[in-house]
Amino acid sequence: MVLQSLLSLGPILIIVALTAPCLALTTSFRARRQVEAAGVDYPTYSEVPPGLSFSCSDKIPGYYADPEAQCQVWHWCVPGGPLYSFLCPNQTLFNQVLRVCDWWFNVECSTSPDYYNINDDLYKIPEDDEPLGRDLLGEESVGEEVVQLQEQNDLQKEQNLQQLKQDIKQEQQQDLQQEQQQDLQQEQQQDLQQEQQQDLQQEQQQEQQQDIQQEQQLQELQQDPQQQLTEDI
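Sequential numbering of the sequence shown, starting at 1441, is according to the numbering used here.
Right, here's the structure in full:
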C-alpha cells in the first residue's frame, strides 16, 4: 500500500495542480470581468519566451510562477533536476498561492516569489519511508506526465476560448438589443414630436379661423348702424 501511494503521489499532485482552475472559473466571467487592455494589464505571449533566467538549481521540486514573463509562464522543477516550462492561456496568469492558471486580475505577480515556499510539502516524503520514496522519485519517468500536462493545458486553453466566445456572443446580443431599444425610443420620440407639431398646427389654424370670424363679426356690426341710419334718412 505504501509503495502504491508513493507511485501515485506525483501524478495526483500534477492533476490537482492543473484541474484546480475549474474551481477558480466557477464564478461567471461576465460578473467578474474588469476593464482590461491586452499587453498592458496582462501579457499576451503566444509561446514561452526564450532566454528566461529562471533556474531550478536553487529551488526544490515544485511549480513556480515566473515574474520575468509577468507570470503568464510557469515552470515545473521536476525531482532530479529537469525544468519544464508552460504558458497560461491569454488573460490568465499563474497564481503561485493556488498553483493554477487564474484570471489576471486575481494575481499579484510581483509577490509570487514570496510564496515559492508553498512547494516545500509538495514532494515531502514521510521520514520512515524517505529512502524508498527518494529512490522511487529518482527513477520515476516524467515523459508521460509532461504529455499529460500539455494535453490538460491545451484543454484548459480550449475551455477558456469557448467561454470567451460565449461571453462575446452574449455581449453582442446585448449590444444589439440596446441598439434596437435606442432605435425604438428614437422612433417614439419622432412620432411624439410629429404629433406635437400637428397639434400645434391645428391650434394655430383654429386661432386663425377664430380671428377671421371675429373680424367678420366686427365688420358686420360696423355696417349695421350705417345701414340703419341710411334707411331712417
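Cβ atoms here follow ideal geometry from the backbone N, Cα and C, with glycine treated the same way.
Spatial neighbours of residue i in its chain, beta-carbon cut-off 7 angstroms, leaving aside the 5 residues before and after
i, result
"S1525", "V1488, V1513, H1515"
Cβ distance (whole Å) where residue i is taken to contact residue j below 8 angstroms
i, j, result
"K1597", "P1529", "4 angstroms"
"C1517", "C1496", "4 angstroms"
Beta-carbon contacts of residue i that lie in its chain and below 6 angstroms, excluding the five residues immediately before and after
i, result
"P1483", "Q1510, Q1512"
"F1494", "D1506, H1515"
"Q1662", "none"
"Q1629", "none"
"Q1637", "none"
Outcome for residue i when other beta-carbon atoms lying within 10 angstroms are tallied against a minimum of 16
i, result
"G1502", "buried"
"Q1606", "exposed"
"D1542", "buried"
"L1527", "buried"
"V1480", "exposed"
"V1547", "buried"
"Q1587", "The question names Gln, yet the displayed sequence has Val at residue 1587. Answer is exposed; the Cβ neighbour count stays below 16."
Chain B within 8 angstroms of residue i, Cβ atoms only
i, result
"G1520", "No chain B appears in the structure shown, which is made up of a single protein chain."
Reference residue i, options the options, closest by Cα
i, options, result
"K1499", "Q1622, Y1563, L1589", "Y1563"
"V1537", "Q1649, Y1556, D1615, S1550", "Y1556"
"P1507", "N1546, Q1592, Q1626, T1551", "T1551"
"Q1599", "E1635, D1615, T1532, Q1618", "T1532"
"N1559", "N1546, N1535, Y1504", "Y1504"
"A1477", "D1561, F1545, Q1590", "F1545"
"N1535", "D1615, L1523, D1554, V1518", "D1554"
According to DSSP, residues forming a beta bridge with residue i
i, result
"T1532", "W1543"
"F1494", "In the DSSP output, where bridge partners are listed per residue, F1494 has none listed."
"G1502", "C1517"
"S1550", "The partner list for S1550 (beta bridge, DSSP) is empty, contrary to what the question assumes."
"S1486", "Per DSSP, none; premise fails for S1486."
"A1478", "Y1482"
"L1527", "V1513"
Beta-carbon contacts of residue i that lie in its chain and below 8 angstroms, excluding the five residues immediately before and after
i, result
"Q1653", "none"
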